[in-house]
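Participant: One structure follows; several queries about it will come next.
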Amino acid sequence: GQNIDQPTEMTATEGAIVQINCTYQTSGFNGLFWYQQHAGEAPTFLSYNVLDGLEEKGRFSSFLSRSKGYSYLLLKELQMKDSASYLCAVRSLYNFNKFYFGSGTKLNVKP
Amino acid sequence: DGGITQSPKYLFRKEGQNVTLSCEQNLNHDAMYWYRQDPGQGLRLIYYSQIVNDFQKGDIAEGYSVSREKKESFPLTVTSAQKNPTAFYLCASNARQGYQETQYFGPGTRLLVL
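Protein chains in written order, with this note's numbering: chain A, 17 to 127; chain B, 199 to 312.
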């Protein structure tokens, strides 16, 4: 089976750094995706990790450890517009078209 | 501008009625997907299509049907057999460059039952 776990909600202060964790247990792994989703809108792609290590893209970085079944999304210099849900998704090794999504972490950025 | 369009933004369905949600992309992507999102939950895969005239059931296909007659279009029909259709429906397509993969989503259709 597939199991993707993320914290339900987090709060952080504008200008700070926040780390959103994602742990997964899947029968096969072929990449992990992070998305940002503002309320009532579609998810937008943030990052893709298939190899262990850190991928950096401006204020956002994503880390993957395949042996631990663990990823995190790091957001630096938080801005109010970063208030959104962040979805973690794992792609199946056995069917490239199957993505298993976590329930999302709602991030509240306060002044 | 390239992208994925979905229409309508809001759709109301009466009991026993079939409704069709539109999804069009001009990104020249082969693979397209339909997801359903319920409040506080992750996305669940309904159907996907790798190429024209081919599609496969996802994890929650019951009560839904699709077609893929053109590369650009992947409409989803919510049939009367779907007893709990109220949800946010998202269409997506995939692009791959080397090992880097990106999934693009349309703006979504919110379906409500009258």
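Think of the CB as a built atom: it goes at the ideal place given N, C-alpha and C, for glycine as much as any other residue.
Would you please state the rounded distance, in angstroms, between the beta carbons of residue 101/A and residue 124/A? I believe it to be under 8 Å.
Facilitator: In fact, because the Cβ distance is near 10 Å, the residues do not count as touching under 8 Å.
Participant: Tell me, which residues are paired with residue 266/B by DSSP?
Facilitator: Per DSSP, none; premise fails for residue 266/B.
Participant: Going by beta-carbon coordinates alone, are residue 51/A and residue 67/A separated by less than 8 Å?
Facilitator: Going by C-beta atoms, residue 51/A is not nearer than 8 Å to residue 67/A.
Participant: What does a CB cutoff of less than 7 Å around residue 117/A pick up in its chain, not counting 5 residues either side in sequence?
Facilitator: Counting only Cβ-Cβ distances below 7 Å, and skipping sequence neighbours, we find 20, 103 and 105.
Participant: Taking the alpha-carbon positions, what's the residue 75/A to residue 121/A distance?
Facilitator: Spanning the two alpha carbons is a distance of roughly 18 Å.
Participant: Along the chain, where does the beta strand (DSSP E) that runs through residue 26/A open and close?
Facilitator: That run of the beta strand (DSSP E) goes 25-29.
Participant: Residue 234/B and residue 253/B - do their beta-carbons sit closer together than 8 Å?
Facilitator: No.
Participant: Which two residues bound the contiguous beta strand (DSSP E) that contains residue 78/A?
Facilitator: That run of the beta strand (DSSP E) goes 76-81.
Participant: Only counting the same chain, and skipping five residues up and downstream in sequence, which positions put a Cβ closer than 6 Å to that of residue 242/B?
Facilitator: So the list reads 234, 257 and 258, once near-sequence residues are dropped.
Participant: Against residue 119/A, what residues of chain B qualify as contacts under a CB-to-CB distance less than 8 Å, listed in chain order?
Facilitator: Going along chain B in sequence order, the residues near residue 119/A (Cβ under 8 Å) are 238, 239 and 240.
Participant: So for residue 97/A, helix, strand or coil by DSSP?
Facilitator: Helix, per DSSP.
Participant: For residue 299/B, write down the residues that DSSP places opposite it in a beta bridge.
Facilitator: According to DSSP, residue 299/B bridges with 294/B.
Participant: Who are residue 65/A's beta bridge partners in DSSP?
Facilitator: Note: residue 65/A sits in a beta bridge opposite 48/A.
Participant: Are the region 267-282 of chain B and the region 218-232 of chain B touching by the rule of at least three beta carbon pairs closer than 8 Å?
Facilitator: They touch, by the three-pair rule.
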